[in-house]
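Student: Using the numbering used here, read the sequence shown as starting at 482 and increasing by one per residue.
My questions all concern the structure below.
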Amino acid sequence: MGLDPGLRRLALGTLLAAYPGPVPPDWAVDLLAEGLAGHTLFGTNIHDPGQVAATTAALRAGRPDVLIAIDEEGGDVTRLAHATGSPYPGNAALGAVDDPTLTRQVYAAIGAELAALGINLDLAPTVDVNTADENPVIGTRSFGADPVRVAVHSAAAVVGLQSAGVAACAKHFPGHGATVADSHHELPTVDVPPAVLRERDLPPFAAVVDAGVRAVMTAHIRVPALTGDGPATFSRAVLVDLLRAEYGFTGAVITDALEMKGAALAAGGVGPAAVRALAAGADLLCIGAKVDAGLVEHVVEEIVAALADGRLDRARVEEAAGRAAELAAWTGAGGSAADTPDGLGYAAALRAVRVEGDVTGLAAPLVVQVHATSTIAEGRV
């Protein structure tokens, strides 16, 4: 017996899938027509601007109100410029300059580029307060270690992106900045009382909610005082009691990729992780980068089975799909076209450079190459 068509469509409406290569395969477009909320683009999907525009047009042929997401943070994490490097500095540089107007301008430029290509959801900015020097996955993706400074720049980034009609998704709630493990590979633990989170990690999230951010991404981190042994992605105490009830967020809650070990291992697979995230209050489930039609159908089957046996309440899944649809509808309204100043990225990066000591004796340009350790969040993933 096949799946109930209505339940299948409902489940699809909560999913952000993905696909390999620069051309959307037939199944990726067909699933959109059948109710899939959208796709996330990764570096493997990107060749050049013309190809990206053709890709987004092909996806819209399947569903006009499709959500087309991307991780475009500037700095180290870029999909559009994964082969050459982003033309815009990342958050650490913008935080060092400490000019919120510049941060807003840079993110408005990123938003304008995405909008021109047909991309309507940026899984950015990273608003984590990076308080662990040895953090393996946030680092320079953060505006810094001071909660107040990070909050100001996070709000500016959201305003800039959304001025272009591109929905911003602030991440990673309730804060990935104090971790010393990478949730792509394991489940990190932040063992602090809620009072510390409110003082150290949560001010940027309060700021972006006040700024009207359309989406917030969950963190696959364990905060024992709130989440017990599981990740925040599976915790109603975090997603409902804290984010919605206490901080007043009314937009879409998007999961970090459910294929990541911090979620998949905790739940016993991507399908069970999807069910637990929906039950906890997530609205849009990012499956990950390594997705095919079979995996999407597996996740759908898990959700439909959970609806049938009572592990998931239908009203909860309808609420989730409704928020995903509202997010897509908001992006359909478009934004204001703003001209990007020539050389904005270079000028912004130059302002972040600090020179100490006397360099007047250099007779010729000095080139210094620094090779930092990359993380899985960067590059073609």
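Using N, Cα and C, we set each Cβ at its ideal position, and we do this for glycine too.
1. Could you check the C-alpha separation between Ala514 and Gly543 for me, to the nearest Å?
2. Tell me whether the beta-carbon of His779 lies closer than 8 Å to the beta-carbon of Gly743.
3. Between the Cα of Gly693 and those of Gly646, Gly494 and Pro505, spot the shortest distance and give me the residue it belongs to.
4. Roughly how many angstroms lie between the CA atoms of Glu799 and Leu496, to the nearest whole one?
5. I need the DSSP call for Asp603, collapsed to helix, strand or coil.
6. Nearest to Gly752 by CA position, among Gly775, Val631 and Leu720, is which residue?
7. List the whole-angstrom C-beta distance separating Pro570 from Gly826, where the pair is believed to meet the contact cut-off of C-beta under 8 Å.
8. Just curious, the beta strand (DSSP E) that Val734 is in, first and last residue?
9. Could you check how far apart the C-beta atoms of Val734 and Gly762 are, in whole angstroms? I think they sit under 8 Å.
10. Across which residues does DSSP place Arg698 in a beta bridge pair?
11. CA-CA distance, Val661 and Asp672?
12. How many Å lie between Val510 and Asp546 at the Cα?
13. Do you know offhand how far Tyr500's Cα is from Ala770's?
14. Select from Arg695, Asp764, Val618 and Val677 the residue whose C-alpha is nearest the C-alpha of Phe715.
15. Go ahead and label Leu831 buried or exposed: buried means 16 or more other beta carbons lie within 10 angstroms of its beta carbon, across all protein chains shown.
16. Quick check on DSSP: helix, strand or coil for Lys771?
17. For Ala659, tell me which candidate among Val640, Cys650, Val618 and Ala590 has the shortest Cα-Cα distance.
18. Beta-carbon separation of Ala805 and Leu548 under 8 Å?
19. May I ask you to report which of helix, strand or coil DSSP gives Arg792?
20. Give a yes or no on contact between the region 534-541 and the region 570-588, applying the rule of three or more CB pairs nearer than 8 Å.
21. From Ser577 to Thr699, what does the alpha carbon distance come to, in whole angstroms?
22. Which residue marks the beginning of the alpha helix (DSSP H) containing Leu540, and which one marks its end?
23. Expressed to the nearest angstrom, what Euclidean distance is found between the alpha-carbon atoms of Pro712 and Cys767?
24. Pick from Arg695, Asp820 and Asp609: whose alpha carbon is nearest that of Phe730?
25. How many Å lie between Val872 and Leu683 at the Cα?
26. Which residues in the same chain as Met741 place their Cβ atom closer than 6 Å to its Cβ, once the five residues preceding and following it in sequence are excluded?
27. Would the beta-carbon of Ala649 fall within 8 Å of that of Pro606?
28. Beta carbon of Val704, beta carbon of Leu668: below 8 Å?
29. Among all the DSSP beta bridges, which residues are the ones paired with Leu497?
30. Give me the Cβ distance between Ala586 and Gly816, rounded to the nearest whole Å; I'm assuming they're in contact under 8 Å.
31. Using the three-state DSSP reduction, which class does Gly743 fall into: helix, strand or coil?
32. For the beta strand (DSSP E) that Ala550 lies in, which residues bound it at each end?
Tutor: With the structure as the only source:
1. Approximately 5 Å between the Cα atoms of the pair.
2. Their beta carbons are not under 8 Å apart, which means His779 does not touch Gly743 by this criterion.
3. Ranking the options by Cα distance to Gly693, first place goes to Gly646.
4. Those two C-alpha atoms are separated by around 13 Å.
5. In the three-state reduction of the DSSP assignment, Asp603 falls in the strand class, which pools E and B.
6. Comparing Cα positions, the closest option is Gly775.
7. The Cβ separation is near 7 Å, so the contact holds.
8. First-last of the beta strand (DSSP E) with Val734: Ala733 to Ile735.
9. Rounded, the Cβ-Cβ distance is 6 Å, consistent with contact.
10. It should be noted that the sequence gives Met, not Arg, for residue 698. BP columns for Met698 point to Ile735.
11. Answer to the nearest angstrom: the Cα atoms are 12 Å apart.
12. Per the coordinates, the alpha-carbon of Val510 lies some 13 Å from the alpha-carbon of Asp546.
13. Their backbone Cα atoms lie some 7 Å apart in a straight line.
14. The candidate whose alpha carbon is nearest that of Phe715 is Asp764.
15. Looking at its Cβ environment, which holds fewer than 16 other Cβ atoms inside 10 Å, Leu831 is exposed.
16. It is coil, neither helix nor strand.
17. With distances taken between Cα atoms, Ala659 lies closest to Val618.
18. Against a cut-off of 8 Å, the Cβ pair of Leu548 and Ala805 comes out as a contact.
19. In the structure shown, Arg792 falls within a coil segment according to DSSP collapsed to helix, strand and coil.
20. Counting Cβ pairs under 8 Å, fewer than three are found: no touch.
21. First, the amino acid is wrong: residue 577 is Ala here, not Ser. The straight-line gap from Cα to Cα measures roughly 26 Å.
22. Here the alpha helix (DSSP H) through Leu540 covers Pro530 to Gly543.
23. Their backbone Cα atoms lie some 15 Å apart in a straight line.
24. When each option's Cα is compared against that of Phe730, the closest is Arg695.
25. Any property of residue 872 remains undetermined from this structure, which presents the chain solely from 482 to 862.
26. Residues of the same chain with a CB within less than 6 Å of the CB of Met741, apart from the 5 flanking positions on each side, are Ser664, His665 and His701 in chain order.
27. The answer is yes: Cβ separation under 8 Å.
28. No, they are not a contact pair.
29. In the DSSP assignment, Leu497 is bridged to Gly519 and Cys767.
30. It is Gln, not Ala, that sits at residue 586 in the sequence shown. With 8 Å as the limit, Gln586 and Gly816 do not qualify as a contact, their Cβ atoms being about 14 Å apart.
31. Helix, per DSSP.
32. Run containing Ala550: Leu548 to Ile551, per the beta strand (DSSP E) assignment.
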